[in-house]
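Novice: What follows is a single structure, and I will ask about it in a moment.
In my numbering, the protein residues as written are 146 to 409.
Structure, rendered in structure tokens:
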């Protein structure tokens, strides 16, 4: 009887593994398909895309898109370096400050923690608007055309702080109390005890913070006019905008891609 029960349990486990791997594999395939379309489209001539659309295999092989993108490689590489530095530095600083804020809000011996928590939450419901924010950044903080205008705005997110506080609330108070008995200070407890125990939350919030920095183009649009401060996403945004403008002009004038100089 026991042998039959064990065999049934193993069969159920195998069946669950097969279903789980099949579902995860399907989701992974769905995520890969857009990437394959992008790669295939980058290797297809523009005329073929306009005529037949995108496909999983290049219909007319062409490296024109890469030649156009690398026409000014220094600008692209500089935009990559700026974006990478913003992502790494902003994620590290943002994680540290968010975790430190959440740790303070989590501590029951902090008398004003509920008031500060309400203040943070209130900012998620109401804000001053885009125009006051722009005036504050440009006229009062003087951050126009500076590295800080790209680093500081996405640095903190109240939603991430609240998530971190909820996670830190699951850490037993006995850990911090025992560390205080041993003579550890608040900062030592936070760095050596709280942060190592909060790695799952830090990894999750760090991923979303890094994505927000990597995909950010709006702050560059608002505060940056110097080409040396163009992030990768904003550079792509301007490039696509210029191409769309040229395409509209060609449609109005009745021209085609083949009519352009150097086009076959």
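Note that beta-carbon positions come from the ideal geometry of N, C-alpha and C, so glycine has one too. The structure presented is a predicted model; accordingly, all values stated were derived computationally and were not measured.
Near residue 211, which residues of its chain fall below 8 Å by C-beta distance, leaving aside the five closest residues on each side in sequence?
Specialist: These residues qualify, in order along the chain: 187.
Novice: Taking 8 Å as the threshold, find out whether the stretch 332-343 comes into contact with the stretch 295-313 through three or more Cβ pairs.
Specialist: Verdict: yes, contact present.
Novice: Measuring alpha carbon to alpha carbon, tell me which of 339, 297, 356 and 158 ends up nearest residue 238.
Specialist: When each option's Cα is compared against that of residue 238, the closest is 297.
Novice: In chain order, what residues of the same chain lie with their CB nearer than 7 Å to the CB of residue 366, ignoring the 5 residues before and after it?
Specialist: Taken in chain order, the residues that qualify are 379.
Novice: Leaving out five residues before and five after residue 245 in sequence, what residues of the same chain have Cβ atoms less than 8 Å from its Cβ?
Specialist: Cβ neighbours of residue 245 beyond the five flanking positions: 335.
Novice: Going by C-alpha to C-alpha distance, which of 386, 249 and 185 sits closest to residue 321?
Specialist: It is 249 whose Cα lies nearest to the Cα of residue 321.
Novice: At 4 residues or longer, and completely inside the stretch 257-296: list those alpha helix (DSSP H) runs for me, N to C.
Specialist: With a minimum length of 4 residues, the continuous alpha helix (DSSP H) runs that stay inside the stretch 257-296 are 258-270, 275-280 and 293-296.
Novice: Let me know the secondary structure DSSP gives residue 332 once reduced to three states.
Specialist: Residue state, collapsed to three classes: helix.
Novice: Contact between the stretch 223-233 and the stretch 371-385: three or more CB pairs below 8 Å?
Specialist: They touch, by the three-pair rule.
Novice: If I follow the unbroken alpha helix (DSSP H) through residue 317, where does it start and stop?
Specialist: Taken as a continuous stretch (DSSP letters only), residue 317 belongs to no alpha helix (DSSP H), as it is neither H nor E.
Novice: Measure from the alpha carbon of residue 180 to the alpha carbon of each residue in 194, 201 and 165, then state which is nearest.
Specialist: Measuring from the Cα of residue 180, the nearest candidate turns out to be 201.
Novice: Which word fits residue 195, buried or exposed, when buried means at least 16 other C-beta atoms lie within 10 angstroms of its C-beta?
Specialist: Classification of residue 195: exposed, given that the 10 Å Cβ count is below 16.
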